[in-house]
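Peer 1: Residue numbers (this note's numbering), protein chains in the order written: chain A, 1 to 362; chain B, 1001 to 1346.
One structure, as structure tokens, below. Some questions next.
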Amino acid sequence: MKFVDEYRREEDARKLIAAIHRLVTKPWTIMEVCGGQTHTILKSGIDRLLPPEVTVVHGPGCPVCVTPLELIDKAIALARMPRIIFTSFGDMLRVPGSDGDLLSVKAQGGDVRMVYSPLDALRLAQKNPEREIVFFAVGFETTAPANAMAIWQARQMGLKNFSVLCAQVRVPPAIELILNDPHNKVQGFIAAGHVCTVMGYWEYEPIAEKYRVPIVVTGFEPLDLLQGIYMVLRALEEGRWGVENQYVRSVRREGNLQAQRLMGEVFQICDRQWRGIGLVRGGGLCLKPEFSEFDAERRFGLQGITVSESPVCIAGDILQGKKKPYDCPAFGRDCTPEHPLGAPMVSSEGACAAYYQYGRER
Amino acid sequence: MTFQCPIPISEYPTVLLAHGGGGKLTHMLIERIFLPAFANPALEPLHDGAILEVGGVRLAFTTDSFVVSPIFFPGGDIGCLAVHGTVNDLAMCGARPLALSAGFILEEGFPMEDLCRVVESMKEAASRAGVPIVTGDTKVVDRGKGDGVFINTTGIGLIPPGIHISPKRARPGDLILINGAIAVHGIAIMSVREGLEFETTLLSDTAPLHDLVARILEVGGDRVHVLRDPTRGGLASALNEIASRARVGILLDEASIPIWEEVKGACEILGLDPLYVANEGKCLVIVARDKAEEVLEAMRAHPLGQEAAIIGEVVEEHPGQVILRSRIGGMRVVDMLSGEQLPRIC
Chain A
1 MKFVDEYRRE EDARKLIAAI HRLVTKPWTI MEVCGGQTHT ILKSGIDRLL PPEVTVVHGP
61 GCPVCVTPLE LIDKAIALAR MPRIIFTSFG DMLRVPGSDG DLLSVKAQGG DVRMVYSPLD
121 ALRLAQKNPE REIVFFAVGF ETTAPANAMA IWQARQMGLK NFSVLCAQVR VPPAIELILN
181 DPHNKVQGFI AAGHVCTVMG YWEYEPIAEK YRVPIVVTGF EPLDLLQGIY MVLRALEEGR
241 WGVENQYVRS VRREGNLQAQ RLMGEVFQIC DRQWRGIGLV RGGGLCLKPE FSEFDAERRF
301 GLQGITVSES PVCIAGDILQ GKKKPYDCPA FGRDCTPEHP LGAPMVSSEG ACAAYYQYGR
361 ER
Chain B
1001 MTFQCPIPIS EYPTVLLAHG GGGKLTHMLI ERIFLPAFAN PALEPLHDGA ILEVGGVRLA
1061 FTTDSFVVSP IFFPGGDIGC LAVHGTVNDL AMCGARPLAL SAGFILEEGF PMEDLCRVVE
1121 SMKEAASRAG VPIVTGDTKV VDRGKGDGVF INTTGIGLIP PGIHISPKRA RPGDLILING
1181 AIAVHGIAIM SVREGLEFET TLLSDTAPLH DLVARILEVG GDRVHVLRDP TRGGLASALN
1241 EIASRARVGI LLDEASIPIW EEVKGACEIL GLDPLYVANE GKCLVIVARD KAEEVLEAMR
1301 AHPLGQEAAI IGEVVEEHPG QVILRSRIGG MRVVDMLSGE QLPRIC
């Protein structure tokens, strides 16, 4: 496949793995921030090909996993309302709330529909003027432009039956949160290429400087990851810090300015609760006041939701790279994709799901 | 005595779509509800069909229901699928199909013109496969209580002497063959699903496989140990079932699994793993190593096997598990699917 197979060649992978083995002289801990990258690492077996000195830990970059339980419960409450067609990306449908998930609501008669783009939800709103269409706007900076576009278009079209349950999150504050933790062991970062395609990497430069860590913007194919890991390790071995760009075929320093403008028009930065992690200052995007009519929380007055999180699940520690899925006593026993205690076990980007699916015989 | 449901009801108080997805939840239904309730020696092997001995003759007996949406899709429709599906289940028992039944559940308001198209397609598929539809049934349900048309087909077939196909016969050293590229049917269907329409020239691979299987058995005879059509749940689920039934390990080689570029591209975009995407005209063959090359040649000489390939082997290690050697040389588990495969966010 053009532009994909080139990044999966065994011969090139072997060269990079050999180069990594030659390079490493001492133990290093690096974190890949994005869940998509976690899956590539485990799916292609990269973790088993690295030298034993290199520990790769998985970061908080799974938007499904960090969506707070309260919002999942609100989504479930909305999906149960008879007039509402609740729309969401596939990933969110199986995430456990305090009591069930969106797929169970669907099985019980709720109108829950999987969409592939927020613009599909918009089309549903046009086709069903007698129904209320709510879209679960989840994701990092990667999904924010398309979600902003849907909201902006809804206003242009004068749609009165479209709203979003907004759970949009931002990466840079999460990286700072990890680095500020007194128990932090992460020495270098693999930054998510897709987020940087939108946002560029200028936001990461002051972080790299302040905490003296190397950050390498990296793509999602096996060779991207191997090269990104090599670049971080090389910087660590040479005692350098700063931001480097492995994903030059897609990312520019300033990012996609048009997408950023659109996001800026509809969203503003806000503090947000992250599931398993807590309040992240500046860690979210919320609708600007001039778009508040599209805010489902306001429109449907979802008060009195009480949440109950599993006391066993250590998702928060896993999302911050403090623990690995295998460290969880429930992993693979009380917590499986069929009966998940936490979101990282169900999301297609979740670290626990990746370990469960691809690495369980270890 | 009161009935106690063996499935943890607190986890699944209602049936979910994933209970029919061919993955772990489907298995939970079969293993915990159907199998204990209906237990008997013919059912126990959990083959694609039951094998019954009647007066010294071995018959294969199988049934399947078709609820595909949309009912017309690129390369086929629910009608030909219903014929091919049951013909193939018989073929996967090593049987030569003899006859089919057809049961229709129609929804009030379903266009007669569509019904005629579906029936015409079944007629053609049955006549091309050389298997008559000899009995049937029709029911109509109230509007809103069906999805246009559901079809059930049941089939019987004759197993030639000396042929013993069973998932339990996979043994270390055997090689695993497939007759062509995977995931074509699933992607062709998705390309016309509401909310997902995308441009593609892909046609479903739906086809009757009994003729190909007859060729395979002619060449491989009793050295052919397992036949399996990897339909719902895809290649990964079918191989997991075999690994678990035979208590053997399976080692797959990612680079040798045939996948068309267009299918790979669609899977990349949707975030789906082609190993779990449905097939209709594909057949896995597990054959003793010494016969594998001959069987492969025979498959390649058949119109439905031109892209046949050896994709892996049965091993002693990691019994019950399927392990895949990735393109870059890493190893990973290929688990049975949990629930439906859902496209990712980004």
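Don't be surprised by glycine CBs; every beta carbon is placed ideally from N, CA and C.
This one's a predicted model, so the numbers in the text were calculated from it and none came from an experiment.
Is the number of C-beta pairs between the region 141-155 of chain A and the region 282-295 of chain A that are closer than 8 Å three or more?
Peer 2: yes
Peer 1: Under 9 Å Cβ-Cβ, which residues of chain B neighbour A/P365?
Peer 2: What the structure shows of chain A is the stretch from 1 to 362, and residue 365 of chain A is not part of that stretch, so it cannot be assessed.
Peer 1: Using a 10 Å radius around the Cβ and a threshold of 16 neighbouring Cβ atoms, would you call A/G188 buried or exposed?
Peer 2: As a working note, residue 188 of chain A is residue 188 in the first sequence. Classification of A/G188: buried, given that the 10 Å Cβ count is 16 or more.
Peer 1: For the pair the region 1292-1303 of chain B and the region 316-326 of chain A, tell me if three or more CB-CB distances fall below 8 Å.
Peer 2: With a cut-off of 8 Å, the region 316-326 of chain A and the region 1292-1303 of chain B do not count as touching, because too few Cβ pairs lie within range.
Peer 1: To the nearest angstrom, report how far apart A/I207 and B/T1014 are at their CA atoms.
Peer 2: Start at 1 with the first residue of the first sequence, and residue 207 of chain A comes out as number 207. Start at 1 with the first residue of the second sequence, and residue 1014 of chain B comes out as number 14. The alpha-carbon atoms of A/I207 and B/T1014 are separated by roughly 49 Å.
Peer 1: Would you list, in sequence order, the uninterrupted alpha helix (DSSP H) runs of no fewer than 4 residues that lie entirely inside the region 73-147 of chain A?
Peer 2: 102-107, 118-127
Peer 1: Within the continuous beta strand (DSSP E) that includes B/L1324, where are the two ends?
Peer 2: In the second sequence, residue 1324 of chain B corresponds to position 324, counting from 1. Per DSSP, B/L1324 belongs to the beta strand (DSSP E) from 1322-1325.
Peer 1: Of all Cβ atoms in chain A, is any one closer than 8 Å to the Cβ of B/L1203?
Peer 2: Position 203 of the second sequence, counted from the start, is the residue given in the question as residue 1203 of chain B. Not an interface residue.
Peer 1: Go through its chain and collect everything with a Cβ distance to B/V1083's Cβ below 6 Å, but skip five positions before and after it.
Peer 2: Position 83 of the second sequence, counted from the first residue, corresponds to residue 1083 of chain B. Around B/V1083: M1122, A1125, A1126.
Peer 1: Is there at least one Cβ from chain B nearer than 8 Å to A/Y326's Cβ?
Peer 2: Taking the first sequence and counting its residues from 1, one reaches residue 326 of chain A at position 326. Not one chain B Cβ lies under 8 Å of A/Y326.
Peer 1: Output yes or no for whether 8 Å exceeds the beta carbon distance between A/S44 and A/P222.
Peer 2: Counting from 1 along the first sequence, the entry for residue 44 of chain A is found at position 44. Counting from 1 along the first sequence, the entry for residue 222 of chain A is found at position 222. In this structure, A/P222 lies closer than 8 Å to A/S44 by Cβ.
Peer 1: What three-state label does DSSP hand B/Q1306 in the structure shown?
Peer 2: Counting from 1 along the second sequence, the entry for residue 1306 of chain B is found at position 306. Note: B/Q1306 maps to coil in three-state DSSP.
Peer 1: Can you tell me whether B/S1069 is helix, strand or coil according to DSSP?
Peer 2: The sequence position of residue 1069 of chain B within the second sequence is 69, counting from 1. Reduced to three states, the DSSP call for B/S1069 is coil.
Peer 1: Distance cutoff 8 Å, beta carbons only. Does B/D1290 sit that close to anything in chain A?
Peer 2: Working through the second sequence from its first residue, we reach residue 1290 of chain B at position 290. Chain A, which has no Cβ nearer than 8 Å to the Cβ of B/D1290, makes this no.
Peer 1: Taking CB distances under 8 Å as the criterion, tell me whether B/T1026 reaches chain A.
Peer 2: For the purposes of this step, residue 1026 of chain B is taken as the residue at position 26 of the second sequence. Judged by the 8 Å Cβ criterion, B/T1026 is not in contact with chain A.
Peer 1: On the criterion of 16 or more Cβ atoms from any shown chain inside 10 Å, does B/G1312 qualify as buried, or is it exposed?
Peer 2: Here the question's residue 1312 of chain B lines up with position 312 in the second sequence. Its Cβ being crowded by 16 or more others within 10 Å, B/G1312 is buried.
Peer 1: Any beta carbon of chain A sitting closer than 8 Å to that of B/S1191?
Peer 2: Here the question's residue 1191 of chain B lines up with position 191 in the second sequence. No, B/S1191 does not count as interfacial toward chain A.
Peer 1: Which same chain residues end up closer than 8 Å to B/P1008 when comparing Cβ atoms and leaving out the 5 residues on each side of it in sequence?
Peer 2: Taking the first residue of the second sequence as position 1, residue 1008 of chain B is located at position 8. Model confidence at B/P1008 stands at a pLDDT of 49, short of 50, so the residue's coordinates are unreliable; what they give is reported in the following sentence. Counting only Cβ-Cβ distances below 8 Å, and skipping sequence neighbours, we find nothing.
Peer 1: Any idea which residues DSSP pairs B/A1042 with across the strands?
Peer 2: Start at 1 with the first residue of the second sequence, and residue 1042 of chain B comes out as number 42. In the DSSP output, where bridge partners are listed per residue, B/A1042 has none listed.
Peer 1: Measure the Cβ-Cβ separation of B/G1249 and B/P1167 and say whether it is below 8 Å.
Peer 2: In the second sequence, counting from the first residue as 1, residue 1249 of chain B sits at position 249. In the second sequence, counting from the first residue as 1, residue 1167 of chain B sits at position 167. Taking 8 Å as the Cβ cut-off, B/G1249 and B/P1167 do not qualify as a contacting pair.
Peer 1: Taking Cβ-Cβ distances shorter than 7 Å, what residues in chain A pair up with B/L1227?
Peer 2: Position 227 of the second sequence, counting from 1, holds the residue named residue 1227 of chain B. Residues of chain A with a Cβ closer than 7 Å to the Cβ of B/L1227 do not exist; the shortest Cβ-Cβ separation is about 27 Å.
Peer 1: Taking C-beta to C-beta, are A/Y204 and A/A191 nearer than 8 Å?
Peer 2: Against the first sequence, residue 204 of chain A aligns to sequence position 204. Against the first sequence, residue 191 of chain A aligns to sequence position 191. In this structure, the beta-carbon distance from A/Y204 to A/A191 falls below 8 Å.
Peer 1: B/S1237 CB to nearest chain A CB: under 8 Å?
Peer 2: Walking along the second sequence from the start, residue 1237 of chain B turns up at place 237. For B/S1237, the answer is no, since every Cβ of chain A falls outside 8 Å of its Cβ.
Peer 1: Between the region 306-338 of chain A and chain B, which residues of the former have CB atoms less than 8 Å from a CB of the latter, in chain order?
Peer 2: For the region 306-338 of chain A, the set of positions with a beta-carbon nearer than 8 Å to some beta-carbon of chain B reads T336, P337, E338 in chain order.
Peer 1: Measure the Cβ-Cβ separation of A/L23 and A/M149 and say whether it is below 8 Å.
Peer 2: Translated into positions along the first sequence, residue 23 of chain A becomes position 23. Translated into positions along the first sequence, residue 149 of chain A becomes position 149. For A/L23 and A/M149, no; Cβs fall outside 8 Å.
Peer 1: What do you reckon, are the CB atoms on B/D1147 and B/S1069 nearer than 8 Å?
Peer 2: On the second sequence, position 147 is the one that residue 1147 of chain B refers to. On the second sequence, position 69 is the one that residue 1069 of chain B refers to. Yes.
Peer 1: For the region 271-283 of chain A against the region 172-182 of chain A, do three or more pairs of beta-carbon atoms, one drawn from each stretch, fall closer than 8 Å, so that the two count as touching?
Peer 2: Yes, since at least three Cβ pairs between the region 271-283 of chain A and the region 172-182 of chain A fall closer than 8 Å, the two stretches touch.
Peer 1: In the DSSP assignment, find the alpha helix (DSSP H) that holds B/V1287 and state where it starts and stops.
Peer 2: The residue you call residue 1287 of chain B lines up with position 287 of the second sequence. Premise fails: B/V1287 lies in the beta strand (DSSP E), 1284-1287, not in any alpha helix (DSSP H).
Peer 1: Counting only Cβ pairs nearer than 8 Å, list the residues of chain A close to B/T1014.
Peer 2: For the purposes of this step, residue 1014 of chain B is identified with residue 14 of the second sequence, where counting begins at 1. In chain order: S104, A107, Q108.
Peer 1: Does the count of Cβ pairs from the region 1083-1101 of chain B and the region 1132-1142 of chain B closer than 8 Å reach three?
Peer 2: Counting Cβ pairs under 8 Å, three or more are found: they touch.
Peer 1: For the region 1260-1283 of chain B, which residues have a CB atom closer than 8 Å to at least one CB atom of chain A, in sequence order?
Peer 2: E1261, K1264, G1265, E1268, L1270, G1271
Peer 1: Following the continuous beta strand (DSSP E) through A/Q320, name the residue where it begins and the one where it ends.
Peer 2: Position 320 of the first sequence, counted from the first residue, corresponds to residue 320 of chain A. Segment: none, A/Q320 is in no beta strand (DSSP E) and carries neither H nor E.
Peer 1: Is DSSP giving B/L1177 helix, strand or coil here?
Peer 2: In the second sequence, counting from the first residue as 1, residue 1177 of chain B sits at position 177. Of the three classes helix, strand and coil, the one that applies to B/L1177 here is strand, per DSSP.
Peer 1: Quick test of the definition: if touching needs 3 or more C-beta pairs under 8 Å, does the region 289-304 of chain A touch the region 32-48 of chain A?
Peer 2: Look at the beta carbons and you see the region 289-304 of chain A not touching the region 32-48 of chain A: under three pairs across the two are nearer than 8 Å.
Peer 1: Does A/E130 have its Cβ less than 8 Å from a Cβ in chain B?
Peer 2: The residue given as residue 130 of chain A occupies position 130 in the first sequence. No - not a single Cβ of chain B is within 8 Å of the one on A/E130.
Peer 1: When you compare the region 1107-1117 of chain B with the region 1233-1243 of chain B, are there three or more beta-carbon pairs, one atom per stretch, that lie closer than 8 Å?
Peer 2: no
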